Amino acid sequence: MSPLQLCLAFSSLLFAVGLTGALARSNSILVLLGLELMLTAGIVNFIAFWRFGPPASPATGVVFAIFAIAVAAAETAVGLALVISVYRHQRNIRLPEANRLKG
Amino acid sequence: MNTVLVIIALATLGTAAAAMSLRNLLHSVLLLTVSWAGVAAFYLWAGAEFVAFAQLLVYVGAISMAVLFAVLLTRHSRDDVAAPPASRSRACYAVVAGAAVAAVLVAAVALAPLASAPAPSPGVSVRQLGGELMGAHAASLLAVAVLLTVALIGAVVLAAGGPPENPGDVP
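Below, the structure written as structure tokens:
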């Protein structure tokens, strides 16, 4: 396999690990962390194609990856705030119990 | 060159898989921090130093701390960090779904006619990157700044606002 294919296989497996974690666990923090792993796999793809793909503008992939990391950080902050908010209302952060929208 | 990549990938995937399967939430978060550091090592390997250090600062430094705080704030007692796994059938379905997705993606990657010649690294200096960010991508940079501000203010409002005031509820 060429290095590009190895990188893409790495990111595919990372995505699959995150997906399995997000589906299998019922703790909302772990589900959020699984989502983070999937996002990280996407960013790994950006860097892999920037490094080995057909030449484009030299900084495009890096700029894209930086923006994706910023958006992922914002998403995690809001997700953790939601987890804490759910805990304040339900005294529990397991997802099967968090099934009502009423505060 | 490929050996280093395989070592980084195995370390990252191993710690991520262990983090997703452990019972103890604190151990999971710490292992995931190691996994994110492995991804930063991958960025370093690929020649994207700025992204590697951004990953270290944002994920290993900030997000792991935020997640640790969330874990510690949402436990009932001092030793309550165990996240019992879901039912066995659900775990089996999740593993099957993950394995199917991984098989499809890896097969597609392995069969795709991708360039096999080793390409020269499109090295990009921090100065060049700053010029790009402040020049061609200035509008996106502003949009991301506004998004981060709004998201963090929203997070504070969500986490701090309007708890149900039950006197006996506070541990």
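Same order as they appear, the protein sequences are chains A and B.
The opening position of the first sequence corresponds to residue 0 in numbering that gives the first Met the number 0, with each subsequent residue numbered one higher.
The opening position of the second sequence corresponds to residue 0 in numbering that gives the first Met the number 0, with each subsequent residue numbered one higher.
Using N, Cα and C, we set each Cβ at its ideal position, and we do this for glycine too.
Only a predicted model underlies this, so the values are computations on that prediction, with no experimental measurement involved.
Item	Value
I want to know whether the segment 26 to 35 of chain A touches the segment 97 to 112 of chain B - three or more CB-CB distances under 8 angstroms.	no
Under three-state DSSP, which class holds residue 106/B?	helix
For chain A, is any of its Cβ atoms less than 7 angstroms away from the one on residue 95/B?	no
Got a sec: which bits of the segment 27 to 51 of chain B sit with their beta carbon under 8 angstroms from any beta carbon on chain A, in order along the chain?	27, 28, 31, 34, 35, 38, 41, 42, 45, 46, 47, 49 and 50
Counting C-beta neighbours from all protein chains within 10 Å, is the total for residue 144/B 16 or more, i.e. buried, or is it exposed?	exposed
Quick one: what's got a C-beta closer than 8 angstroms to residue 14/B's C-beta in the same chain, skipping five residues either side?	30, 31, 33, 34 and 37
Using the Cβ count rule (16 or more neighbours within 10 Å means buried), how would you classify residue 152/B?	exposed
Going by beta-carbon coordinates alone, are residue 132/B and residue 140/B separated by less than 7 angstroms?	yes
Mark residue 110/B as exposed unless 16 or more other C-beta atoms lie within 10 angstroms of its C-beta, in which case mark it buried.	exposed
So the alpha helix (DSSP H) residue 86/A belongs to, where does it begin and stop?	59 to 89
With a threshold of 7 angstroms between beta carbons, is residue 8/B in contact with chain A?	yes
Let's see if you can read the secondary structure: which residues bound the alpha helix (DSSP H) around residue 61/B?	From DSSP, residue 61/B is part of no alpha helix (DSSP H); its letter is neither H nor E.
When the Cα atoms are used, what is the spatial distance from residue 68/B to residue 112/B?	45 angstroms
Mapping DSSP to helix, strand and coil, what is residue 93/A?	strand
For residue 51/A and residue 64/A, which I take to be in contact (beta-carbon distance under 8 angstroms), what is that distance rounded to the nearest angstrom?	Not a contact, Cβ separation roughly 14 angstroms.
So, is residue 136/B buried or exposed, given that buried needs 16 or more other C-beta atoms within 10 angstroms?	buried
Which residue's Cα is closest to the Cα of residue 126/B: 28/A, 62/A and 12/A?	62/A
Does DSSP put residue 23/B in a helix, a strand or coil?	strand
Using the Cα positions of residue 158/B and residue 49/A, report the straight-line distance between them to the nearest angstrom.	38 angstroms
Give a yes or no on whether 7 angstroms exceeds the smallest Cβ distance from residue 50/A to chain B.	yes
Alpha carbons only, please: which of 79/B, 71/B and 90/B is nearest the one belonging to residue 82/A?	71/B
In the DSSP assignment, find the alpha helix (DSSP H) that holds residue 2/A and state where it starts and stops.	2 to 23
Roughly how many angstroms separate the alpha carbons of residue 4/B and residue 88/A, rounded to a whole number?	45 angstroms
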